[in-house]
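J.:
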DNA sequence: TTATAAACGAGACGGTACGTCTTGTCTTATG
DNA sequence: CATAAGACAAGACGTACCGTCTCGTTTATAA
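Protein chains in written order, with the UniProt record's numbering: chain A, 1 to 199; chain B, 1 to 199; chain C, 1 to 199; chain D, 1 to 199.
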């Protein structure tokens, strides 16, 4: 709640800084699923990472900042599938990569926590939107060979059911479910566009 | 983190208890959007509701319990639309009622918070599932005149995009978006079933 | 610290009142050495005595009042030795009865607690003085056959070492110690008085 | 009742720590006679000393620990009289110094409270015994020039009446009373020893 | 190579909240 | 209608974490 004083963060070029930062993030990723977002206190994290609380504050003045780093430097966030001209195949692969991403416990917790905070923390809200836009752009990138661009609404129509199943229904996202999502999604996608050529 | 001792809650039949309980819930609903879930401390709530912290603990041993009550006794959760035989119309109306419900700030925050907690709090997880099932059942109820029953997957396909737009994209759910969702949704709904009769 | 409102105490003539009162006092006597004066809360006492806290407040508006009763209705406070004309014998017997009295754990704790409170609680101070005077008077009574009256100073010279040994040194009061006290005490007692006639 | 976790106390070498510690002890000494031992809550003390409760717990994990410090670092506890070869004079002076010490209100209350606790708190019991032994040793020290050593029993015979008068009779310890105590005490002290040479 | 700057460890401190306990009063329902 | 059960306000308890602030000590880069 309280806005901490923003001292300058450690110079990232310094190798010592890098070492500390990476060790802490790794420990945080281990800890997060264990204790939950609420339980990931700086006190605990400092102890586990053999670091002073002060050091944590130097690197991440806000706990939200730490969560952002956890999300953005996610372990396999970069593992997007290959682009292709088959829209159905690309969309399916992209959804599966999304499913894989949010199956990493630390990522799950971090995303949910940021989401819950977004209503009252502009930084979190902005980060959330930015993450969404990144993934949206990535999808469009993958679909470039197919000559298709996805609008905001279409994007949400595609990923919405998957995340709802994971976060809200708290059930598994089966391949069959993904297929159903994609099939339905294709029906309204660019009606009368190039998509039809693949059917 | 710590499991608080579960003493028996105040007898709900007692009018004094009811008075206290309702006043606190009302204040909590006002406070939640102001200060966020993290800022809704028992200390603050007690002060604003002119009540002792002890009293809060008596009524809601866990802060999650308070959130459940906030969700379940939501201000207008019962305002479901009318049943009908036109599947498109019913689905659209139901989605709009969902949108209305989640637009109440206190409800928004409460739901998001419970969702974020669900990974590490079995009670929250269970509550979340139960809420989903209730709404699912309600939808099926509305669709009974149409002779249609919605499966779990179909249910998620319907509401998923709407909540994703609200919570993750953090954008407005327009009527057009709802129409798009419903249109897409109808295509795969019970292929060859009674739905076709309305097209 | 807070002076509770003085509602009227239960009529002591009522046999039911007597029963309750005695049961509570008995339980308190058991409890006192177990949990200490600080641990003898009304909540605990009420639970153990199967009585409502209200009832305790009705009988003893102040915890000091309860302690007074514990001291004054001590189990064997009345067991003074026989009067006699041999000053040494009477004094020795009286000291031994004193030793016996404060060896009862509940009595010990109660007396020490009242003593510690006396500096800031006039009631306790007064009660303490009164108890001392009673015992002083009792001693003089025992010594009447010997034709001796003990002054305040002489009284303190007699019992002081014994209680100091018990409470401050926290050591045992042996018969030898009592003999030493009495011997020393006799030397300055009424120099040249009737005491000499017994030597 | 509950044994608080014994974290390590603040490093006494740190000057800031010393400052805090001394300020708190000074305020506690002022407060003790005002509010009594029961009223000397950490909450009150913290407020008066402009310190957080947490700071108090860091320095004195137990309230008993605070009382010990109050007693041991008493304002003028070290002001023993001069040694000498005149036993009567030394004993008298020593008793007067005892009287002076226990007349400091904070010391009075602290000693009485620790005494009352000693029955159920081993730490208090041990501290009490240690304080007694210290004073006993000091007395023997003063009497060294006189070639006299006081046994435990003799020690109690000397100081017992004085403290009994102060704490139990709650009366003043006059010079005359001290003279009476010493006179009586000398009669049985080392019968046939060097003491006689001073008569 | 030595400065010099930065990161870091250690830990005291003021705050705030936690979940619990006891106290004294007051309300409600019941027998 | 008196009495129990127990809700309530008040406030202390001992603990935890937060964010800040010294202090020294190490580590890395620059002179």
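Beta carbons are placed, not taken as given, at the ideal position from N, Cα and C, and that holds for glycine.
(1) Check this for me: beta carbons of residue 109(D) and residue 36(D), under 8 Å apart or not?
(2) Distance check for residue 189(C) and residue 183(D), CA to CA, integer angstroms please.
(3) Looking at the unbroken alpha helix (DSSP H) that takes in residue 132(D), where does it start and where does it end?
(4) Helix, strand or coil for residue 52(D) per DSSP?
(5) Between residue 57(A) and chain B, is there a C-beta pair that is closer than 8 Å?
(6) Could you list which residues in chain D have their beta carbon closer than 9 Å to that of residue 135(C), in chain order?
(7) Give a yes or no on whether 8 Å exceeds the smallest Cβ distance from residue 188(C) to chain D.
(8) Taking C-alpha atoms, which residue in 56(B), 179(B), 132(B) lies nearest to residue 201(A)?
(9) Along the UniProt domain "HTH tetR-type" (18-78) of chain D, what residues have a CB closer than 9 Å to any CB found in chain C?
(10) Kindly list the residues whose CB is nearer than 6 Å to the CB of residue 194(C), restricted to its own chain and excluding five residues on each side of it in sequence; keep chain order.
(11) Got a sec: is the Cβ-Cβ distance from residue 9(D) to anything in chain C below 8 Å?
(12) Helix, strand or coil for residue 171(D), going by three-state DSSP, please let me know.
(13) Does residue 170(A) come within less than 8 Å of chain B when only Cβ atoms are used?
(14) Output needed for residue 128(D): all residues of its chain with C-beta closer than 7 Å, excluding positions within five of it in sequence on either side, in chain order.
(15) With a Cβ-Cβ cutoff of 8 Å, do residue 157(D) and residue 181(C) count as a contact?
(16) Can you find a CB in chain A that lies within less than 8 Å of the CB of residue 180(B)?
(17) So residue 152(C) is in the alpha helix (DSSP H); what residue range does that whole segment cover?
(18) Looking only at its chain, what residues have a beta carbon closer than 7 Å to the beta carbon of residue 66(C), apart from the 5 residues adjacent to it on each side?
(19) Residue 157(A) touches chain B at which residues, Cβ-Cβ below 8 Å?
(20) Closer than 7 Å between beta carbons: that is the criterion. Which residues of the segment 86-108 of chain B meet it against chain A?
(21) For residue 139(B), go through chain A and note every residue whose CB falls closer than 9 Å to its CB, in chain order.
(22) For residue 82(C), which three-state DSSP category applies?
(23) Since residue 95(A) contacts residue 178(A) with CB under 8 Å, what's their CB separation in whole angstroms?
(24) Can you tell me whether residue 16(A) is helix, strand or coil according to DSSP?
(25) Between the beta-carbon of residue 25(A) and the beta-carbon of residue 31(A), is there less than 8 Å?
(26) Could you tell me whether any Cβ in chain B is nearer than 8 Å to the Cβ of residue 132(A)?
(27) Where does residue 104(B) fall in DSSP's three states?
(28) Going by other Cβ atoms of all chains shown within 10 Å of its Cβ, with 16 needed for buried, is residue 20(A) buried or exposed?
(29) Would you say residue 165(C) reaches chain D, if we count a Cβ-Cβ gap shorter than 8 Å as a contact?
(30) Following the continuous alpha helix (DSSP H) through residue 64(B), name the residue where it begins and the one where it ends.
(31) For residue 164(A), tell me which candidate among 13(B), 121(B), 153(B), 74(B) has the shortest Cα-Cα distance.
(32) Can you give me the C-alpha to C-alpha distance between residue 89(C) and residue 142(C), rounded to a whole angstrom?
(33) Helix, strand or coil, according to DSSP, for residue 147(D) in the structure here?
(34) Leaving out the 5 sequence neighbours to the left and right, which residues in its chain are closer than 6 Å to residue 155(A) when beta-carbon positions are compared?
(35) Since residue 128(B) meets chain A, which of its residues come closer than 8 Å, beta carbon to beta carbon?
(36) Please work out which residues of its chain come closer than 7 Å, Cβ to Cβ, to residue 51(B), disregarding the five sequence neighbours upstream and downstream, and give them in chain order.
T.: Let me spell this out:
(1) Indexing the fourth chain from 1 puts residue 109(D) at position 109. Indexing the fourth chain from 1 puts residue 36(D) at position 36. Going by C-beta atoms, residue 109(D) is nearer than 8 Å to residue 36(D).
(2) What you label residue 183(D) is simply residue 183 of the fourth chain in a count that begins at 1. What you label residue 189(C) is simply residue 189 of the third chain in a count that begins at 1. Computed Cα separation, rounded: 11 Å.
(3) Here residue 132(D) is taken as the residue at index 132 of the fourth chain, counted from 1. Taken as a continuous stretch (DSSP letters only), the alpha helix (DSSP H) holding residue 132(D) covers 122-142.
(4) Taking the first residue of the fourth chain as position 1, residue 52(D) is located at position 52. In this structure, residue 52(D) counts as coil in the three-state DSSP scheme.
(5) Residue 57(A) sits at position 57 when you count from the first residue of the first chain. Judged by the 8 Å Cβ criterion, residue 57(A) is not in contact with chain B.
(6) Sequence index remark: in the third chain, residue 135(C) carries index 135 (1-based). Taking a Cβ-Cβ cut-off of 9 Å, residue 135(C) has no neighbours in chain D, whose nearest Cβ is about 10 Å from it.
(7) Walking along the third chain from the start, residue 188(C) turns up at place 188. Closer than 8 Å: yes.
(8) Limits of chain A in this structure are 1 at one end and 199 at the other, which puts residue 201(A) out of reach.
(9) 33, 34, 35, 36, 37, 38, 39
(10) On the third chain, residue 194(C) is found 194 positions in, with the first residue counted as 1. Confidence in residue 194(C) is poor, its pLDDT being 45 and thus under 50, which makes the residue's placement unreliable; the coordinate value appears in the next sentence. Closer than 6 Å at the Cβ level, and outside the excluded window around residue 194(C), lie 147.
(11) Taking the first residue of the fourth chain as 1, we reach residue 9(D) at position 9. Chain C contact via Cβ: absent.
(12) One-based indexing of the fourth chain puts residue 171(D) at position 171. When DSSP states are grouped into helix, strand and coil, residue 171(D) belongs to the coil group.
(13) On the first chain, residue 170(A) is found 170 positions in, with the first residue counted as 1. It does; some Cβ of chain B falls within 8 Å.
(14) In the fourth chain, residue 128(D) corresponds to position 128, counting from 1. Here the set comprises 114, 115, 118.
(15) One-based indexing of the fourth chain puts residue 157(D) at position 157. One-based indexing of the third chain puts residue 181(C) at position 181. Yes. Within cutoff.
(16) Taking the first residue of the second chain as 1, we reach residue 180(B) at position 180. It does; some Cβ of chain A falls within 8 Å.
(17) Working through the third chain from its first residue, we reach residue 152(C) at position 152. That run of the alpha helix (DSSP H) goes 152-163.
(18) Here residue 66(C) refers to the residue found at position 66 when the third chain is read from its first residue. Within the same chain, residue 66(C) has close Cβ partners 28, 60.
(19) By 1-based counting over the first chain, the position of residue 157(A) is 157. Those are 161, 180, 181, 184, listed as they occur along chain B.
(20) 108
(21) Working through the second chain from its first residue, we reach residue 139(B) at position 139. Going along chain A, no residue has its Cβ under 9 Å from residue 139(B), so there is no contact; the nearest lies around 14 Å.
(22) Looking up residue 82(C) in the third chain gives position 82. DSSP places residue 82(C) in coil when its eight states are reduced to three.
(23) Here residue 95(A) is taken as the residue at index 95 of the first chain, counted from 1. Here residue 178(A) is taken as the residue at index 178 of the first chain, counted from 1. Right, their Cβ atoms sit about 5 Å apart.
(24) The residue given as residue 16(A) occupies position 16 in the first chain. In this structure, residue 16(A) counts as helix in the three-state DSSP scheme.
(25) Looking up residue 25(A) in the first chain gives position 25. Looking up residue 31(A) in the first chain gives position 31. Contact flag unset, no.
(26) For the purposes of this step, residue 132(A) is identified with residue 132 of the first chain, where counting begins at 1. Output row for residue 132(A): interface = yes.
(27) Residue numbering aside, residue 104(B) sits at position 104 when the second chain is read from its first letter. Correct three-state label for residue 104(B): coil.
(28) For the purposes of this step, residue 20(A) is taken as the residue at position 20 of the first chain. Within a 10 Å sphere around the beta-carbon of residue 20(A) sit 16 or more other beta-carbons, which makes this residue buried.
(29) Position 165 of the third chain holds residue 165(C). Yes - at least one Cβ of chain D is within 8 Å of the one on residue 165(C).
(30) Along the second chain, read from residue 1 onward, the residue named residue 64(B) stands at position 64. Start and end: 63-72.
(31) Translated into positions along the first chain, residue 164(A) becomes position 164. Among 13(B), 121(B), 153(B), 74(B), the Cα nearest to that of residue 164(A) is on 153(B).
(32) Residue 89(C) sits at position 89 when you count from the first residue of the third chain. Residue 142(C) sits at position 142 when you count from the first residue of the third chain. Those two C-alpha atoms are separated by around 11 Å.
(33) Position 147 of the fourth chain, counted from the start, is the residue given in the question as residue 147(D). Residue 147(D) sits in coil when the DSSP states are folded into three classes, being neither helix nor strand.
(34) To locate residue 155(A), count along the first chain from 1; it is residue 155. Same-chain partners within the cutoff: 136.
(35) Counted from its first residue, the second chain places residue 128(B) at position 128. Against residue 128(B), the close residues of chain A are 168, 170, in the order they occur along the chain (beta-carbon pairs closer than 8 Å).
(36) What you label residue 51(B) is simply residue 51 of the second chain in a count that begins at 1. Within the same chain, residue 51(B) has close Cβ partners 20, 24.
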